[in-house]
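Number of protein chains: 2
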Amino acid sequence: MGKLYVIGIGPGGQEYFTEKALTAIKESNIIVGYTPYIEYLGDLAKDKEIYSTGMKSEIERCEKAISLAREGNIVSIVSTGDAGLYGMAGPILERSEGVNVEVVPGVSANFAAAAYLGAPIMHDFATISLSDLLTPWEVIVKRVKAARDGDFVICFYNPRSKGRKDHLEKMINLLLEKKAPKTPVGIVKDAGRKGTKVTLTTLDSIDYEEVDMLTTVIVGNSKTFTRGELMITPRGYENK
Amino acid sequence: MGKLYVIGIGPGGQEYFTEKALTAIKESNIIVGYTPYIEYLGDLAKDKEIYSTGMKSEIERCEKAISLAREGNIVSIVSTGDAGLYGMAGPILERSEGVNVEVVPGVSANFAAAAYLGAPIMHDFATISLSDLLTPWEVIVKRVKAARDGDFVICFYNPRSKGRKDHLEKMINLLLEKKAPKTPVGIVKDAGRKGTKVTLTTLDSIDYEEVDMLTTVIVGNSKTFTRGELMITPRGYENK
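Chains as they are written, first to last, in the numbering used here: chain Y, 58 to 297; chain E, 58 to 297.
And the structure:
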């Protein structure tokens, strides 16, 4: 009987792979993934059968991985971050009844990004994707308002693309209706990959041009402060 | 000059360690941590100087790690999950000005737990600790209501302890005021450690006696469904 591993490899760099992910990849005879993710595997992908496709073919990749596992192969489908957050775990499990599937968790982009900034998350937080490809815009707006009113640290995924240049700015303006303009904001592009770029700014001073789809934006809560290049959210209310 | 690594080792099992965490631990001459976390290191802690203390001595451990790094040692302070979520990154960075600190991200408990349930998170989510040791109870209540009204998947940390047996039940009752009683709930005790226990239930049927401090509770959003033993939140609104 075949097996299908759904693997989050972390942000990209091999130093963020878990032992569990490495073992699953080594055990597999076939690797399925978006072409750039396969490249992150480097030598791990050597001697494996590879099935890689471009960005818009996610469901095709899922179906291919499932059918290869049904045929008796040991298959790893890889994605960055954690496979269970905006990743492949859901689409695979929705379609793979009867297949032996194992989800292998990974370091998600928000924590990879946070590590560069110091300790910006630390306490209760909300993660929101600003992509409206699969989610109605009014749902996104509702969630941003709720996260703001709950004083959560907020991590924005997919904050800005060519097709939706103004999504992040619209959401930041919603935050500014109630949050302090000088609330710290950390912007990390390509966290855990080559060429990582880290910017520390405030809610009223974001340079939107530096934000793209591969950027994670972390907005502090009412207690978050900065010290030099660091963004720190206290773990509790004991010090502030 | 010394160095201080603040390391999230993931849920506990060594298969969840990242390469980066392994490298940092190997490079260190001193390891600091809560006694059970040091045990998770197994042979990695062999031949190292160890400074371990009990549960309530977190700030003491931080101060010790910082002073050892100031003396020129290469120190790893380890905690489970990701060090930047209810972990040591904040307390360390608040106290370590001038010390060379590096935060090493890890697999957080919510994603480790989620992998056992299938794909319960997948989309926008909020993480909330129900411990009121460091956070006023009214802030916790405000956040639970906000996460509920924003239809986030909700991950509860520290859901229930001997000293606060009714915290989770009170919060679930708040959720039931607006969410469907049959909303799926996943309960994972000791995720990624020996003796992991997974329960799939619904908002109106939680057995609170099986929940303790080492349990992660994941409550679905309005689209979450179950199939057999799996809890799945669709990644988007395309299928439902």
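Where is the CB? At the ideal position from N, CA and C, for every residue including glycine.
Between M58 of chain E and G129 of chain E, the C-beta gap is smaller than 8 Å, which places the two residues in contact. With a beta-carbon spacing of about 14 Å, T137 of chain E and V164 of chain Y fall beyond the 8 Å limit used to define contacts. Relative to the Cα of A183 of chain Y, the nearest Cα in the group Y:G175, Y:A81, Y:K202 and Y:L150 belongs to Y:K202.
If only complete runs of 4 or more residues are kept, the region 195 to 227 of chain E shows no alpha helix (DSSP H) anywhere. Listed along the chain, the chain Y residues whose CB falls inside 9 Å of the CB of R284 of chain E are L150, E151 and E154. Between D139 of chain E and G70 of chain E, the gap from beta carbon to beta carbon reaches 8 Å or more. For V196 of chain Y, the closest C-alpha among the options E:V89, E:C212, E:S279 and E:L174 is that of E:S279.
Y265 of chain Y and V274 of chain Y have their C-alpha atoms some 11 Å from each other. Selection Y:E151, Y:K77, Y:K246 and Y:L232 evaluated against G277 of chain Y yields Y:L232 as nearest (Cα-Cα). L142 of chain E is bridged by DSSP to Y:M179. Contact annotation for D139 of chain Y against chain E: F168 [CB-CB distance below 7 Å, chain order]. N86 of chain E sits close to I131 of chain E, with the two beta carbons spaced by under 8 Å. Taking C-beta separations shorter than 6 Å and ignoring five residues to either side along the sequence, the partners of R118 of chain E in its chain run V89 and T110, following chain order. In this structure, the CA atom of T80 of chain E is about 23 Å from the CA atom of P148 of chain E.
Excluding its 5 nearest sequence neighbours in each direction, T283 of chain Y has C-beta neighbours in its own chain below 8 Å: P241, L257 and I289, listed in chain order.
For S186 of chain Y, the chain E residues whose C-beta falls within less than 7 Å of its own C-beta are D181, listed in chain order. The three-state secondary structure of T259 of chain E, taken from DSSP, is strand. The beta carbon of M270 of chain Y is closer than 8 Å to those of N215, P216, R217 and S218 in its chain, skipping five residues each way along the sequence. In the displayed model, I123 of chain E falls within a helix according to three-state DSSP.
By the neighbour-count definition (other C-beta atoms within 10 Å, threshold 16), G207 of chain Y is a buried residue.
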